[in-house]
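Enquirer: Start counting the sequence shown at 9; every next residue gets the next number (the working numbering).
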Amino acid sequence: MIEARGLTKVFQDKKRGAVRAVDGVSFRCEPGRIYGLLGANGAGKTTTLRMLATILTPTAGGATVAGFDVVAEPEKARASLGFLSTATALYGRLTAREFVEYFGRLHGLSEDVLGERVSALLTRLEMTEFCDRRCDSFSTGMKQKTSIARVLVHDPPVMIFDEPTTGLDVMTARTIISFIRECRERGKTVIFSTHVMSEVEKLCDHIGIIHNGRLLAEGTLEDLRVRAGIRDLEDIFVKVVFEAGGDSA
Numbered sequence: 009m010i011e012a013r014g015l016t017k018v019f020q021d022k023k024r025g026a027v028r029a030v031d032g033v034s035f036r037c038e039p040g041r042i043y044g045l046l047g048a049n050g051a052g053k054t055t056t057l058r059m060l061a062t063i064l065t066p067t068a069g070g071a072t073v074a075g076f077d078v079v080a081e082p083e084k085a086r087a088s089l090g091f092l093s094t095a096t097a098l099y100g101r102l103t104a105r106e107f108v109e110y111f112g113r114l115h116g117l118s119e120d121v122l123g124e125r126v127s128a129l130l131t132r133l134e135m136t137e138f139c140d141r142r143c144d145s146f147s148t149g150m151k152q153k154t155s156i157a158r159v160l161v162h163d164p165p166v167m168i169f170d171e172p173t174t175g176l177d178v179m180t181a182r183t184i185i186s187f188i189r190e191c192r193e194r195g196k197t198v199i200f201s202t203h204v205m206s207e208v209e210k211l212c213d214h215i216g217i218i219h220n221g222r223l224l225a226e227g228t229l230e231d232l233r234v235r236a237g238i239r240d241l242e243d244i245f246v247k248v249v250f251e252a253g254g255d256s257a
């Protein structure tokens, strides 16, 4: 399970002073569920996820990942999760297979288990045609699939996907969305961050709307529809943001 409790992150900017990128965000996601964190670019989604992934230390508040405190037990929390970010980089001189195997070994997988995991991931993510090519020759979609295989190779119970379909063609995006759905079916705890409304509608059991670092509303899609009196998720999002004093455009 993932649980965030009042997560807050303040950055110091030379011109603007203290910038509150995330402001008291609290939510939880249980195994076999997908929690959709919905917000525009700059809303605070990525900063929130980086605190959950122990990349950033909270200024205030806290969180647990698979029962481990992200501040007090960061190594154990990291070992229990896979984190995919749009900023994830590949090592261009390795092939996709070599890259994924390398990270499997970092996680301490035996060679027998590693071989089985890598083979299964390459097949499921439709990577067999390019897995033995160097990463520096890859398209955006190939890179994203390789990154997903990397974060899944140790079979973590918790998955965090930060805008995983950004810049992808329709077919590659469909493959990745289908794979995330399978993660839920296998009982994994999944956080899915995006600004694409249709992806949230297809995937998410629970939705949180974040804007200016604050979690403005959360619930199932049907809960949000009932509260807003609107069926369309995009219209719900705009209404929630507007009522909180945001930009309705």
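Positions of the beta carbon are idealized from the N, C-alpha and C atoms, including for glycine.
A quick note: this is a predicted structure, and the numbers were derived from the prediction, not measured.
(1) For a minimum of 4 consecutive residues, which ranges assigned as the alpha helix (DSSP H) are wholly contained in the segment 39 to 99?
(2) Just the C-alpha distance for threonine 180 and glycine 90, rounded to the nearest angstrom, thanks.
(3) From the DSSP secondary-structure annotation, give me the bridge partner or partners of threonine 16.
(4) Could you check how far apart the C-beta atoms of alanine 97 and leucine 129 are, in whole angstroms? I think they sit under 8 Å.
(5) With the cut-off set at 9 Å, would you say isoleucine 168 and leucine 57 are in Cβ contact?
(6) Can you tell me whether DSSP reads threonine 228 as helix, strand or coil?
(7) By the three-class DSSP mapping on this structure, what secondary structure does glutamate 11 have?
(8) Determine the extent of the alpha helix (DSSP H) in which alanine 29 is found, giving its start and end residues.
(9) Would you grab the beta carbon distance between lysine 210 and isoleucine 185 for me? Rounded to a whole angstrom, and I think it's under 8 Å.
(10) Could you check the C-alpha separation between aspartate 173 and serine 206 for me, to the nearest Å?
(11) Within 10 angstroms of the Cβ of serine 201, are there 16 or more other Cβ atoms? Answer buried if so, exposed if not.
(12) Is leucine 46 closer than 9 Å to valine 208 when the C-beta atoms are compared?
(13) Between Arg41, Gln20, Glu106, which has its C-alpha nearest proline 165's C-alpha?
(14) For a minimum of 4 consecutive residues, which ranges assigned as the alpha helix (DSSP H) are wholly contained in the segment 121 to 189?
Expert: With the structure as the only source:
(1) Secondary structure within the segment 39 to 99: the alpha helix (DSSP H) runs of 4 or more consecutive residues, fully enclosed, are 53 to 60, 82 to 87 (chain order).
(2) Distance between the alpha carbons of threonine 180 and glycine 90: 20 Å.
(3) DSSP lists Ala68 as the beta-bridge partner residues of threonine 16.
(4) Not a contact, Cβ separation roughly 19 Å.
(5) Isoleucine 168 is a Cβ neighbour of leucine 57, given a cutoff of 9 Å.
(6) Threonine 228 falls in the coil class under three-state DSSP.
(7) In this structure, glutamate 11 counts as strand in the three-state DSSP scheme.
(8) Under the DSSP assignment, alanine 29 falls outside any alpha helix (DSSP H), being part of the beta strand (DSSP E) whose first and last residues are 25 to 37.
(9) Sure, about 7 Å apart at Cβ, within 8 Å.
(10) It should be pointed out that residue 173 corresponds to threonine in this sequence rather than to aspartate. If I take the Cα positions, the gap works out to 12 Å.
(11) Answer is buried; the Cβ neighbour count reaches 16.
(12) The criterion of a C-beta distance shorter than 9 Å is satisfied by valine 208 and leucine 46.
(13) Nearest of Arg41, Gln20, Glu106 to proline 165, Cα basis: Arg41.
(14) The segment 121 to 189 contains these whole alpha helix (DSSP H) runs: 148 to 160.
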